[in-house]
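Report on the following structure.
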Amino acid sequence: MIPQIEIDKNKCATPYECKKCLQICPQAVFAVAPTKVERFKETAPEDYEVQAVFKDKCVLCMDCVKVCPTGAIKVKVGSS
Amino acid sequence: MCELCEKYGDNGGRWYLNPENYARPLYKKVEKGKEKEPMILTELQGPFYYKPLIELKDNPEAFEKMREGYSKFHETMGGQVVSLEDAKKMVEIAQPIARMDCICRRITRATLEDGEQRPRTCLGLGVGMFRWEEWPERYKGGVEFLSTEEAKEHIEHWHKRGMVITIMTFGTPYIGGICLCDYPDCLAIRMRLDYGIKPMLLKGHQVAKVNYEECTGCGTCVQRCQFGAIKMEVTTKKSNIDMTRCFGCGVCTYACPQDAISLIDREKLPGLKEEW
């Protein structure tokens, strides 16, 4: 069963700058990307989003849940 | 034979050594008009698009069906492993060459490759690079233009430290970049190995073979292989390369202190010549 990993966007404001979950994950499950791009302008830190992508690789170690400073990550087994 | 060489090679030569595949008009075709902006966002958000596929990992039939669609897409945007020798020939053809931060590493680990350890491993190719300032988000951290000699040194430096050299196309066969990759932060290696998206990263034109006379079983190559193709055969105390898993990157040949591993032509081996 593929684990469900939910990230509360309201709690995770500037993921690219925080990057704690991205760097601690032993299975490199997460990905971060801007939600928009503009000509001649870098995307603002609050216009980034982190998502759990490679969920089939998650081993439920919960390191991301523990490291998240705002408690934005929820990991659970199963689809419910 | 390599399908890309058949289609895009110059008289049976390797496709990525054909100067036509570095030409601007092909690049323009992909970039046309308003398509351009979303293309950049699509590239930056790359892995997000894989979530529906990965959700199906528990359902082999549905996964397989969807995987075909993803593979089809990557026939227009993908790459191939190249040897150091061939990469050096490539930078003699491609101009200009711009060094930049690896986009995959930014996406998967949020590392901007700064500070003293700054690898800035990626090389962007072609005249499009002159307009990098138009999209500062794509080229975060800026780019530096390298001479052919500097580019060769750059590639050799990172390859000898264990990075796999790959080509990336932006509208195959247009060659837009040379990347220096490792697992798991390289999305191309990962999508091929873990999800079977073959055209995202084809195997190279060579494969590695161990000379058992020379191998001392030190295990250095085992640690270096990014494809999990090398094992230590405990009883014989020799490295064993599974040539069906080998991508022919050559990292092990440089890692071996005994010089016991060499690259041989894939197409000379009937059992591997159709294995890309």
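As you go down the protein sequences, you meet chains A and B in turn.
The numbers in the first sequence follow the numbering used here, run straight up by one, and end at 80.
The numbers in the second sequence follow the numbering used here, run straight up by one, and end at 1276.
Yeah, the Cβ is synthetic: ideal placement off N, Cα and C, and Gly gets one too.
Predicted model only: the values in this text are computed from it and were never measured.
Item                                                                                                                                                                          : Value
Note down, in chain order, every chain B residue with its Cβ under 8 Å from the Cβ of P42 of chain A.                                                                         : First, the residue type needs correcting, since residue 42 of chain A is Glu and not Pro in the sequence shown. Chain B residues near E42 of chain A: P1136, E1137 and K1140.
Quick check: the Cα distance between D1182 of chain B and C18 of chain A, rounded to an integer number of angstroms?                                                          : 23 Å
Let's test the definition: count the other Cβ atoms within 10 Å of the Cβ of Q1080 of chain B and tell me whether it reaches 16, buried, or not, exposed.                     : buried
What are the boundary residues of the beta strand (DSSP E) that includes C1181 of chain B?                                                                                    : I1175 to C1181
Restricting to Cα atoms, I'd like to know which of B:T1236, B:M1090 and B:C1225 is closest to T1148 of chain B.                                                               : B:M1090
Quick one: Cα of T1121 of chain B to Cα of C21 of chain A, how far?                                                                                                           : 23 Å
Of all the options B:S1083, B:Y1049, B:A1098 and B:E1006, which has the alpha carbon lying nearest to the alpha carbon of C1252 of chain B?                                   : B:S1083
Q1206 of chain B to I1167 of chain B, Cα distance in whole Å?                                                                                                                 : 15 Å
Is I1175 of chain B closer than 7 Å to Y1050 of chain B when the C-beta atoms are compared?                                                                                   : no
With contact counted as at least three CB pairs below 8 Å, one residue from each stretch, are the region 1248-1267 of chain B and the region 1192-1207 of chain B in contact? : yes
Output yes or no for whether 7 Å exceeds the beta carbon distance between I1103 of chain B and P1019 of chain B.                                                              : no
My guess is that E49 of chain A and A33 of chain A are in contact by the Cβ rule of under 8 Å, so how many angstroms apart are they, rounded?                                 : 6 Å
Please classify F1227 of chain B as buried or exposed, where buried requires at least 16 neighbouring CB atoms within 10 angstroms.                                           : buried
To the nearest angstrom, how far is it from the Cα of P45 of chain A to the Cα of V65 of chain A?                                                                             : 22 Å
Please name the residue in B:G1250, B:P1052 and B:D1194 whose C-alpha comes closest to that of E1085 of chain B.                                                              : B:G1250
Taking only beta carbons into account, state which residues of the region 1-23 of chain A come closer than 7 Å to chain B, listed in chain order.                             : M1, I2, Y16, K19, L22 and Q23
Counting only the same chain and skipping the five closest in sequence on each side, list residues whose C-beta sits under 7 Å from that of I1241 of chain B.                 : A1208, K1209, V1210, A1229 and I1230
Leaving out five residues on either side along the sequence, give the residues of the same chain with a beta carbon under 7 Å from the beta carbon of C1256 of chain B.       : T1220 and C1221
Run through chain B and tell me which residues come within less than 9 Å of A72 of chain A, C-beta to C-beta.                                                                 : Simply none; closest approach about 15 Å.
For Q1045 of chain B and chain A, any beta-carbon pair shorter than 7 Å?                                                                                                      : yes
Please check if any C-beta of chain B sits within less than 7 Å of the C-beta of P69 of chain A.                                                                              : no
R1161 of chain B by DSSP, collapsed to three states: which one?                                                                                                               : coil
Determine the chain A residues that contact K1065 of chain B at a beta-carbon separation under 8 Å, and present them in chain order.                                          : Within chain A, no residue comes near K1065 of chain B; the closest Cβ sits about 17 Å away, beyond 8 Å.
Identify whether N1240 of chain B lies in helix, strand or coil by the three-state DSSP scheme.                                                                               : strand
Where G1162 of chain B and R1138 of chain B are concerned, what is the direct C-alpha to C-alpha distance, given to the nearest angstrom?                                     : 26 Å
If you measure from the beta carbon of L1041 of chain B to each beta carbon in chain A, is any gap under 7 Å?                                                                 : yes
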